[in-house]
Amino acid sequence: MANERIIHKRTRENRYKQARQRASASGVRRPGTLVKFLSGAAAIVVMSLLFIFGHDWLTQCDYFRAETVQVDGTRRLSDKQIMETAKITVGANILMINLATARKRLLALSWIAAAEIRREFPDTIMIRVREHNPMAVIDLGKPFLVNARGEIFMEAQKEQFSDLPVIKGADYQDWKTGESGNTPVSEAVMSVLRLGGKSKSAVPVGRIDRIHVDPELGVTLRTVGFPAARIHLGYGAYAVKYRRLAKILEYCGRNETPREFEEIDLGYPDRIVASPAKAQTDQAKPQKEA
């Protein structure tokens, strides 16, 4: 008996029975899962249909038809041109108008510097634009318009802008584009134009016929209807030079016969060189320093 071994027989699992139980449980769950899936799909379909019908109703509803299209900021372009370019008409449903696309169409116009379009519910579209303000014509082989920021924004027709100063002597490398910074030449010219645009300026922009720029010598103005036919400014300190010029012109204007000059040179830091006009050389020295 001592050598007798006790053998425990392991009970074998009934795998077939377990498989049947799992299949049975799975079969119970499948109908519930299917119901949930179908319910979710039905909800999505219903929401999609509601969205479609709601969108159609809103975009076709007379309540949102544009009774007013207001355009502000135009100077050279007409309100009609703005509306036609943006493809916005009175009577259009304001919800159907793609504001971003309409704005891009306006910015494609050469005259437009900035544009804003918005809806005012229930029946108004507001369009606000800012046009470029041409300050001068720059001759780069072809005439181009320069705005108040010194940016070249469109080709010019000379006969249309004969009242603007013409910039001569510059080339593409001397000037700035819409994305590059100021160059010494463009900064010099724009400084002179800005000074000329101020009230009681020593040299009003309207009296400037040409602005000649030289990389070495700087800026020289040719004027019309002004006591000095030519004014050499050089580079830099333009506000100071304009004040000095104003004092000289005021002094000369106090004479009984106002003096006219062929040229006034303000390029020297410590003096002003003035050359009398040829008609006055018989009664004045050819050149005078002040």
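Take the sequence shown: its position 2, counting from 1, is numbered -6 in the working numbering, and each next residue is one higher.
Note that the Cβ used here is the ideal one computed from N, Cα and C, for glycine as well.
For clarity, every value in this text was computed on a predicted model and none was experimentally measured.
field: Cut-off 6 angstroms between Cβ atoms - residues of its own chain near D262, not counting five sequence neighbours on either side
entry: As a working mapping, residue 262 is identified with position 270 in the sequence shown. None.
- request: Would you kindly check if the distance between the Cβ of S193 and the Cβ of L185 is under 8 angstroms?
  value: Here residue 185 corresponds to residue number 193 of the sequence shown, with the count starting at 1. Here residue 193 corresponds to residue number 201 of the sequence shown, with the count starting at 1. Contact: no.
query: Any idea if G217 is buried or exposed, counting beta-carbon neighbours within 10 angstroms, 16 or more meaning buried?
result: As a first step, residue 217 is located in the sequence shown; it is residue number 225 there, counting from the start. Exposed is the call here.
query: Out of Y260, Q73 and E252, which has the shortest C-alpha to C-alpha gap to A269?
result: Here residue 269 refers to the residue found at position 277 when the sequence shown is read from its first residue. Checked all of Y260, Q73 and E252; the closest Cα to A269 is E252.
message: Give me, in chain order, the residues of the same chain whose beta-carbon lies closer than 6 angstroms to that of A84; leave out the 5 immediate sequence neighbours on both sides.
response: Taking the first residue of the sequence shown as position 1, residue 84 is located at position 92. The residues are A58.
Contact belief for A105 with E76 at Cβ below 8 angstroms, rounded distance in angstroms: Residue 105 sits at position 113 when you count from the first residue of the sequence shown. Residue 76 sits at position 84 when you count from the first residue of the sequence shown. The pair is not a contact, with the Cβ atoms about 19 angstroms apart (cut-off 8 angstroms).
- request: Starting from R214, follow its DSSP beta bridges and name the residues at the other end.
  value: Against the sequence shown, residue 214 aligns to sequence position 222. DSSP, once it has assigned bridges, lists R202 and R222 as partnering R214.
At least 3 beta-carbon pairs within less than 8 angstroms: the segment 86 to 98 vs the segment 24 to 33: no
task: Reducing DSSP to helix, strand and coil, say where L137 ends up.
output: Taking the first residue of the sequence shown as 1, we reach residue 137 at position 145. Residue state, collapsed to three classes: strand.
field: Secondary structure, beta strand (DSSP E): runs of 3+ residues fully inside the segment 44 to 118
entry: 60 to 64 and 104 to 112
task: Measure how close the beta-carbons of D201 and T215 come, nearest whole angstrom, since I'm counting them as under 8 angstroms.
output: Against the sequence shown, residue 201 aligns to sequence position 209. Against the sequence shown, residue 215 aligns to sequence position 223. Yes, they are in contact, since the Cβ atoms of D201 and T215 sit about 6 angstroms apart, within 8 angstroms.
query: Which residue comes first and which comes last in the beta strand (DSSP E) that contains K160?
result: On the sequence shown, position 168 is the one that residue 160 refers to. Per DSSP, K160 belongs to the beta strand (DSSP E) from V158 to K160.
- prompt: Secondary structure at E143, three-state DSSP: helix, strand or coil?
  reply: For the purposes of this step, residue 143 is identified with residue 151 of the sequence shown, where counting begins at 1. Coil at E143, not helix or strand.
message: On the CB-based measure, 16 or more other CB atoms within 10 Å of its CB, does M127 come out buried or exposed?
response: Along the sequence shown, read from residue 1 onward, the residue named residue 127 stands at position 135. Classification of M127: buried, given that the 10 Å Cβ count is 16 or more.
- request: Return the chain-ordered list of same chain residues with a C-beta closer than 7 angstroms to the C-beta of S102, the five sequence neighbours on each side being excluded.
  value: If you number the sequence shown from 1, residue 102 lands on position 110. Correct list, in chain order: F145 and M146.
message: What does the Cβ neighbour count give for E112, buried or exposed, with the cut at 16 atoms within 10 Å?
response: The residue labelled residue 112 in the question sits at position 120 within the sequence shown. Looking at its Cβ environment, which holds fewer than 16 other Cβ atoms inside 10 Å, E112 is exposed.
task: Would you mind reading off the limits of the alpha helix (DSSP H) that contains E242?
output: Residue 242 sits at position 250 when you count from the first residue of the sequence shown. Looking at the DSSP string, the run of the alpha helix (DSSP H) that includes E242 is Y230 to G245.
field: Endpoints, alpha helix (DSSP H) assigned at S183
entry: Locating residue 183 in the sequence shown gives position 191, counting from the first residue. First-last of the alpha helix (DSSP H) with S183: P176 to G188.
- prompt: Does the distance from the CB of Y234 to the CB of G210 come in under 8 angstroms?
  reply: Position 242 of the sequence shown, counted from the start, is the residue given in the question as residue 234. Position 218 of the sequence shown, counted from the start, is the residue given in the question as residue 210. Against a cut-off of 8 angstroms, the Cβ pair of G210 and Y234 comes out as no contact.
- request: Can you grab the Cα-Cα spacing for the pair L241 / I159, in whole Å?
  value: Your numbering for residue 241 matches position 249 in the sequence shown. Your numbering for residue 159 matches position 167 in the sequence shown. If you take the alpha carbons of L241 and I159, they lie about 25 angstroms apart.
- request: Indicate the three-state DSSP secondary structure (helix, strand or coil) for I36 in the structure shown.
  value: Counting from one through the sequence shown, the residue named residue 36 turns up at place 44. In this structure, I36 counts as helix in the three-state DSSP scheme.
field: Cβ-Cβ distance between I86 and I117 below 8 angstroms
entry: If you number the sequence shown from 1, residue 86 lands on position 94. If you number the sequence shown from 1, residue 117 lands on position 125. Against a cut-off of 8 angstroms, the Cβ pair of I117 and I86 comes out as a contact.
message: Please report the straight-line C-alpha distance between H224 and L132, rounded to a whole angstrom.
response: Counting from 1 along the sequence shown, the entry for residue 224 is found at position 232. Counting from 1 along the sequence shown, the entry for residue 132 is found at position 140. Those two C-alpha atoms are separated by around 22 angstroms.
- request: Quick one: grab the DSSP three-state call for V197.
  value: Counting from 1 along the sequence shown, the entry for residue 197 is found at position 205. V197: helix per DSSP, three-state reduction.
task: Inspect the beta-carbon positions of E108 and R97 and report whether they are closer than 8 angstroms.
output: Numbered from its first residue, the sequence shown carries residue 108 at position 116. Numbered from its first residue, the sequence shown carries residue 97 at position 105. No.
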